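Undergrad: Please find one structure pasted underneath; my questions will follow.
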């Protein structure tokens with residue numbers, strides 16, 4: 003399991019984030035599922051292949067229950083960074099195992115639906131047009147009417163509309179905003195919303211962007227969060243990283259200049275150092291000449 007997969011699952015496992023994802027993507031933002039109505043479900047199931055028992059693991063799974071703890075539904079989330087032409091077959095297996103588990107549970111007589119969501123995190127290309135189970139199968143014409151289809155609930159996060167993105171109330175809003183900005187190749191500035199899961203968000207942004215600044219700034223951000231009552235906003239995080247970057251950039255530039263001056267003094271060219279301190283264009287010329 004990759005680091006990105008692990009961090010994605012950790013964030014989505016929080017009930018507020020999980021409920022937010024389901025409510026926006028399935029119910030158009032209506033708060034159908036309350037976070038306190040969710041309980042963790044076993045994410046793995048068993049199947050046999052060539053006589054051997056094997057595991058199949060969902061990314062995140064939760065039961066939806068009413069006040070009497072009667073199960074209303076089972077939700078599973080699968081994360082994908084790249085398209086998988088066999089996604090429908092995989093989900094069909096997961097859902098089938100979840101239904102089969104209901105037959106094995108002798109303590110419960112209620113039967114509830116199983117719903118799976120696929121969250122596509124890709125930004126460079128859309129998921130291919132063919133998604134359904136029947137699109138993946140080679141079916142003879144005579145048999146086609148008798149083959150049941152299966153359609154994944156698949157969502158291309160980077161292609162959600164502005165209206166859909168605005169519906170997210172949890173920290174997942176920042177994730178979707180970032181993916182959209184990355185797809186459009188525009189600057190991501192972060193929102194004014196207070197973060198609830200700061201460490202998980204910063205780690206996820208680190209692996210999604212490949213920018214270790216999200217890790218380097220973490221202690222400073224967490225310290226600030228503990229000091230203030232207003233918490234931390236993603237726009238504050240981005241601004242802090244920009245400021246840190248400018249400071250580091252200035253320090254790096256100064257180190258290069260001092261190195262150049264040391265080299266010039268060693269060559270007995272102190273006059274050129276004096277001229278460079280008062281002439282930016284001449285300094286640039288010397289930098290280009292001596293630090294190639």
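Residue numbers (our numbering): 3 to 294.
Beta carbons are placed, not taken as given, at the ideal position from N, Cα and C, and that holds for glycine.
Values in this document were obtained by computation on a predicted structure and should not be read as measured data.
Rounded to whole angstroms, what's the CA-CA distance from residue 130 to residue 155? Just pull it up for me.
TA: As a position in the chain shown, residue 130 is number 128, starting the count at 1. As a position in the chain shown, residue 155 is number 153, starting the count at 1. Rounded to the nearest angstrom, the two C-alpha atoms are 14 Å apart.
Undergrad: What residue does the beta strand (DSSP E) around residue 136 start on, and which one ends it?
TA: Locating residue 136 in the chain shown gives position 134, counting from the first residue. Boundaries around residue 136 are those of the alpha helix (DSSP H), 135-138, since no beta strand (DSSP E) includes it.
Undergrad: In this structure, does DSSP put residue 41 in helix, strand or coil?
TA: As a working note, residue 41 is residue 39 in the chain shown. It is a strand residue.
Undergrad: Exposed or buried, which one is residue 187 when buried takes at least 16 other CB atoms within 10 Å?
TA: The residue labelled residue 187 in the question sits at position 185 within the chain shown. Taking every protein chain shown into account, the CB of residue 187 has fewer than 16 other CB atoms within 10 angstroms, so this residue is exposed.
Undergrad: Exposed or buried, residue 119, counting other C-beta atoms within 10 Å across all chains shown (16 or more means buried)?
TA: To locate residue 119, count along the chain shown from 1; it is residue 117. Buried, by the Cβ-count rule.
Undergrad: State the DSSP-derived secondary structure class of residue 31, mapped to helix, strand or coil.
TA: Taking the chain shown and counting its residues from 1, one reaches residue 31 at position 29. If DSSP states are grouped into helix, strand and coil, residue 31 belongs with coil.
Undergrad: How long is the line joining the alpha carbons of residue 291 and residue 218, rounded to whole angstroms?
TA: Mapped onto the chain shown, residue 291 falls at position 289. Mapped onto the chain shown, residue 218 falls at position 216. C-alpha separation (whole angstroms): 34 Å.
Undergrad: Grab the span of the beta strand (DSSP E) containing residue 119 for me, first residue to last.
TA: In the chain shown, counting from the first residue as 1, residue 119 sits at position 117. Taken as a continuous stretch (DSSP letters only), the beta strand (DSSP E) holding residue 119 covers 116-122.
Undergrad: So, for residue 20: in the same chain, excluding its five sequence neighbours on each side, which residues have a beta-carbon less than 8 Å away from its beta-carbon?
TA: By one-based count along the chain shown, residue 20 stands at place 18. Cβ neighbours of residue 20 beyond the five flanking positions: 14, 37, 40, 62, 64, 77, 79.
Undergrad: Pull up the distance between the alpha-carbon of residue 234 and that of residue 73, whole angstroms please.
TA: Taking the first residue of the chain shown as 1, we reach residue 234 at position 232. Taking the first residue of the chain shown as 1, we reach residue 73 at position 71. Using only the alpha carbons, I get a separation of about 36 Å.
Undergrad: Is DSSP giving residue 80 helix, strand or coil here?
TA: Stepping through the chain shown from its first residue, residue 80 is reached at position 78. In the structure shown, residue 80 sits in a strand (DSSP, three-state: E or B).
Undergrad: Tell me the rounded alpha-carbon separation between residue 195 and residue 70.
TA: The count along the chain shown starts at 1 and reaches residue 195 at position 193. The count along the chain shown starts at 1 and reaches residue 70 at position 68. Residue 195 and residue 70: Cα-Cα distance of roughly 34 Å.
Undergrad: Which stretch, first to last residue, makes up the beta strand (DSSP E) that contains residue 6?
TA: What you label residue 6 is simply residue 4 of the chain shown in a count that begins at 1. Unbroken run through residue 6 is the alpha helix (DSSP H), 5-15; no beta strand (DSSP E).
Undergrad: What did DSSP end up calling residue 64 once you bin it into helix, strand or coil?
TA: Locating residue 64 in the chain shown gives position 62, where the first residue counts as 1. In this structure, residue 64 counts as strand in the three-state DSSP scheme.
Undergrad: Any idea what DSSP makes of residue 87, helix, strand or coil?
TA: As a first step, residue 87 must be located in the chain shown, where it is residue number 85. Coil.
Undergrad: Alpha carbon to alpha carbon, how far is residue 141 from residue 151? Give it in angstroms, no decimals.
TA: The residue given as residue 151 occupies position 149 in the chain shown. The residue given as residue 141 occupies position 139 in the chain shown. Their backbone Cα atoms lie some 12 Å apart in a straight line.
Undergrad: Give me the Cα-Cα distance between residue 225 and residue 200, rounded to the nearest whole angstrom.
TA: Walking along the chain shown from the start, residue 225 turns up at place 223. Walking along the chain shown from the start, residue 200 turns up at place 198. Computed Cα separation, rounded: 11 Å.
Undergrad: In chain order, which alpha helix (DSSP H) runs of at least 4 residues are fully inside the segment 131-214?
TA: 135-138, 164-169, 174-186, 200-211
Undergrad: Using DSSP with H/G/I as helix, E/B as strand and the rest coil, what is residue 287?
TA: Sequence index remark: in the chain shown, residue 287 carries index 285 (1-based). Reduced to three states, the DSSP call for residue 287 is helix.
Undergrad: Count the other CB atoms within 10 Å of the CB of residue 127; is the residue buried (16 or more) or exposed (fewer)?
TA: Working through the chain shown from its first residue, we reach residue 127 at position 125. Exposed is the call here.
Undergrad: Between the C-alpha atoms of residue 121 and residue 284, what's the straight-line distance to the nearest angstrom?
TA: The sequence position of residue 121 within the chain shown is 119, counting from 1. The sequence position of residue 284 within the chain shown is 282, counting from 1. When rounded, the distance between both Cα atoms is 54 Å.
Undergrad: Consult DSSP for residue 75 and reduce its assignment to one of helix, strand or coil.
TA: On the chain shown, position 73 is the one that residue 75 refers to. Strand, per DSSP.
Undergrad: Measure how close the beta-carbons of residue 197 and residue 173 come, nearest whole angstrom, since I'm counting them as under 8 Å.
TA: Residue 197 sits at position 195 when you count from the first residue of the chain shown. Residue 173 sits at position 171 when you count from the first residue of the chain shown. At roughly 6 Å, the Cβ-Cβ gap stays under 8 Å, so residue 197 and residue 173 are in contact.
Undergrad: Identify, in the order they occur along the chain, each residue of the same chain with its Cβ nearer than 6 Å to the Cβ of residue 2, setting aside the five sequence neighbours on each side.
TA: Residue 2 is absent from the structure shown; the chain starts at 3 and stops at 294.
Undergrad: May I ask you to check if the CB of residue 106 is nearer than 6 Å to at least one heavy atom of the ligand GTP?
TA: Absence of the ligand GTP from the depicted structure is noted, as is the absence of any ligand whatsoever, leaving it without description.
Undergrad: Put residue 235 into one of helix, strand or coil per three-state DSSP.
TA: Here the question's residue 235 lines up with position 233 in the chain shown. In the structure shown, residue 235 sits in a strand (DSSP, three-state: E or B).
Undergrad: Determine, using beta carbons only, whether residue 35 and residue 24 come nearer to each other than 7 Å.
TA: Here the question's residue 35 lines up with position 33 in the chain shown. Here the question's residue 24 lines up with position 22 in the chain shown. Contact: yes.
Undergrad: Short of 6 Å in beta carbon distance, which residues of its chain neighbour residue 11, apart from the five on each side in sequence? Order them along the chain.
TA: As a working mapping, residue 11 is identified with position 9 in the chain shown. If we look at residue 11 and ignore the five residues flanking it on each side, its Cβ neighbours are 61, 62.
Undergrad: For chain C, is any of its Cβ atoms less than 7 Å away from the one on residue 77?
TA: Absent here is chain C; the protein component of the structure consists of one chain.
Undergrad: Report all residues from its chain with a CB closer than 6 Å to the CB of residue 185; omit the five preceding and five following residues, and keep chain order.
TA: On the chain shown, position 183 is the one that residue 185 refers to. Here the set comprises 125, 160.
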